[in-house]
Every structure is written in C-alpha cells, then in structure tokens.
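Down below is the structure, laid out as structure tokens.
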Amino acid sequence: MDPKLGREVSRYFGRFPADGAALIVLSAPGDQIHGRARGTGAASILFFLGSDLDIADARRSWELVHELVHLGFPSLPRRHLWVEEGLATYVEPIARARAGELTPEKVWRDLVRGLPQGLPRPGDEGLDRTHTWGRTYWGGALFWLLADVEIREQTGNRFGLEHALHAVVAQGGSIAERWPLRRAFEVGDRAVGTRVLEGLYAKMGPLPGDVDLDALFRRLGVALRGKAVDFDDRAPLARVRRAITERR
Ligand SMILES: [Zn+2]
C-alpha cells in the first residue's frame, strides 16, 4: 500500500497500523464510494469506487480513512462490533484534523450533532447487546470520546487515547489478529497507566450507561450556535479539547 495513503492514520497510530495490508480498489457504478476492511488471512481493504469518481476522490475521502483506522485494532468477537466501528467513526475525523485536512470546528460540530444518535433509547441495553446502527457507530464513538477525555483528565493531558492505541498496535494488535476485547483494553490501559478502558467498558458494554452529553460538551467548551460551533477556552476541559483535535 502506498504509505502516503495512510498518512493521517499512521500519524495518529504512531506507525502504519498493519504491515503488508492490501488495498484493492474495485470499480462500481455511479458515484458510490465505500469500503470494507478485513482481517481474515491478512489485513486488507476492499474499496468500491464509482466510475464517476477518480482515485484522487478516494484519497481525499473520509471513507478510505475510516477503513484505514480499522486496520489498527484487532478483530473482535461479533458482539463487540461497536468497539471497531465506534473507533473508526471517532478516530477518522480526528486523524484528518491533526493532518490539517479538517478544522477542529468541523470535527466538534459533527460530534455534537452525531453523538446523540449513540445514546440509549428506551428499552436499549448495553452496547454489547443492542446492535442498532446508532448504538454501533455513534454509541461506539461516544465510548471512545469518553475514554480519550478520561485518559487525558487522569494523566493531566500527558496521554490520550492514541497512546493506548499505539501500544495495542505495537503488540501486534492489527485487524489481522483476533483478540478478546479484554486483552486490547488491558494493553491500552497499561500503556497510559489508567483503568479507563476497562472501567468504561464495565459501564457501557453490558449496561445501557448514563452519559450526560450536554454536560460533557460544556466541560469541553463546545457549544452549537446555529450550524456552527463556538469554543470556550475558559471551560474546564478546554485544554483536553484542543489536545484532541489540534494540528500536529
Ligand atoms: Zn467501519
């Protein structure tokens, strides 16, 4: 795979997350663009690119970055699909913002608008048990945002989620490996010296969980004003917010 292709993702993970990964681009009708990362046999991405588009569109697309993020986490049992999809949903825009391809405003606006779809609805169970689209993608993304914020709070912003993920990848935890979820969380937690991943999982995996999103965004200093967001740099977690999406 062209190393430049995964530039944003390599930067986020500290290295290209899966050695020898294959990218297979298949032509499809119209302007469709979507892909699928797989770990069976070896790491690969099947990417469907509409004939109305060209390879430059694929390179610029969020869809390709989403699939590349999938390479950087081990394959899990099916009931934890939300862990994998949530991670790709959460990390994709952040990796692009850090590479200067998206503004922090765009990333936070999309989180403010998207994450409510991940909250439990009446009758929903934990993320391991309710497998709707909203809970899988946005509920999973919420888990990872909470983890990132909590790791930064507990370590005085010395470490963030990416440091936990670096350790998982460094121990060979790419999509080509099958790991139990517990192992991935143990490796990640140990790397940053917290129990954040295991603790959050205990609250959100088997149980619906209880997250006050408005309070979280207030603490981060993110407020929606019409279609845009305003940042409050005096908010208690403003530094955490900046560390997550600042260009580096
Ligand atoms: Zn995905």
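My numbering applies: residue 36 is where the sequence shown begins, and numbers increase by one. Glycine included, every Cβ here is placed at the ideal spot set by N, Cα and C.
On the DSSP bridge assignment, give the partners of residue i in chain order.
| i | result |
| --- | --- |
| residue 69 | 83 |
Where does residue i land, buried or exposed, given buried means 16+ other C-beta within 10 angstroms?
| i | result |
| --- | --- |
| residue 62 | exposed |
| residue 309 | Any property of residue 309 remains undetermined from this structure, which presents the chain solely from 36 to 283. |
| residue 90 | exposed |
| residue 75 | exposed |
| residue 133 | buried |
| residue 87 | exposed |
| residue 59 | exposed |
| residue 173 | buried |
| residue 151 | exposed |
| residue 56 | buried |
| residue 78 | buried |
| residue 244 | buried |
| residue 281 | exposed |
| residue 168 | exposed |
| residue 228 | exposed |
| residue 64 | exposed |
| residue 156 | exposed |
| residue 250 | exposed |
| residue 284 | What is shown of the chain runs 36 to 283, which leaves residue 284 out entirely. |
| residue 219 | buried |
| residue 260 | exposed |
| residue 131 | buried |
| residue 193 | exposed |
| residue 66 | exposed |
| residue 263 | exposed |
Closest Cβ-Cβ distance between residue i and chain D: below 8 Å?
| i | result |
| --- | --- |
| residue 47 | The structure shown has no chain D; it contains just one protein chain. |
Secondary structure at residue i, three-state DSSP: helix, strand or coil?
| i | result |
| --- | --- |
| residue 266 | strand |
| residue 209 | coil |
| residue 45 | helix |
| residue 60 | strand |
| residue 103 | helix |
| residue 111 | coil |
| residue 258 | strand |
| residue 143 | helix |
| residue 124 | helix |
| residue 159 | coil |
| residue 151 | helix |
| residue 248 | helix |
| residue 51 | coil |
| residue 77 | coil |
| residue 89 | coil |
| residue 178 | helix |
| residue 226 | helix |
| residue 40 | helix |
| residue 280 | helix |
| residue 191 | coil |
| residue 214 | coil |
| residue 132 | helix |
| residue 240 | coil |
| residue 137 | coil |
| residue 198 | helix |
For my contact list, residue i and residue j are in at a C-beta cut-off of 8 Å; report their separation, rounded to the angstrom.
| i | j | result |
| --- | --- | --- |
| residue 118 | residue 216 | 6 Å |
| residue 200 | residue 234 | About 17 Å; that fails the 8 Å criterion. |
| residue 101 | residue 127 | 5 Å |
| residue 171 | residue 242 | With 8 Å as the limit, residue 171 and residue 242 do not qualify as a contact, their Cβ atoms being about 17 Å apart. |
| residue 41 | residue 103 | 5 Å |
| residue 110 | residue 212 | 7 Å |
| residue 182 | residue 106 | Rounded, the Cβ-Cβ distance is 20 Å, inconsistent with contact. |
| residue 82 | residue 70 | 4 Å |
For ligand 1, enumerate in chain order all residues having a CB closer than 7 Å to any of its heavy atoms. Here the list is 72, 101, 102, 105, 119, 120, 123.
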